[in-house]
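21 is the number of the first residue of the sequence shown in the numbering used here; add one for each residue after it. Cβ atoms here follow ideal geometry from the backbone N, Cα and C, with glycine treated the same way. Okay, so here's the structure we're looking at.
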Amino acid sequence: MPEPILIPPGGGHRLGNVEFLARTADTPRFNVGIIEIAAGRVLEEHVHAEEDDAFYILEGELTFTFDGDEAAAPPGTFVLVPPGVRHGFRNDGDTPVRMFNIHAPAGFDRRIGLED
């Protein structure tokens, strides 16, 4: 029988700037993580062919890009990027950005190198 999973603050599985709270090993339905984006960091535009990518900004402000268009994302902003949509982001500020991230279905954690 499946068991609930409870992750205390800071107790997730870390890989670089990502703290995974729900991994593919936990559920095939989605990955959940807290991502920290350093000041000045840019994530080039990319596409996920078969997964939704969702973000909720907790601290700081990101600038999202969607096929070249830009949108500001201050704290409290939710962004949902459906499969096939080109997207990226950058932190133009001088402090790190913290955001809640969901990839569905799961698999993102394994693609970037998290082992079970």
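Query                                                                                                      : Result
Pick from Val-52, Gly-127 and Val-117 that is closest to Gly-60, judged by C-alpha positions               : Val-117
Counted within 10 angstroms of its Cβ, other Cβ atoms place Ala-93 as buried (16 or more) or exposed       : buried
Classification of Asp-136 by the beta-carbon crowding that lies within 10 angstroms, buried from 16 upward : exposed
The stretch 93-112 in contact with the stretch 71-85 per 3-pair CB rule at 8 Å                             : yes
Contacting residues, own chain, Cβ-Cβ under 7 Å from His-68 (five flanking each side not counted)          : Pro-103
Phe-128 (DSSP reduced to helix, strand or coil)                                                            : helix
Pairwise C-alpha distance: Asp-46 and Val-38                                                               : 16 Å
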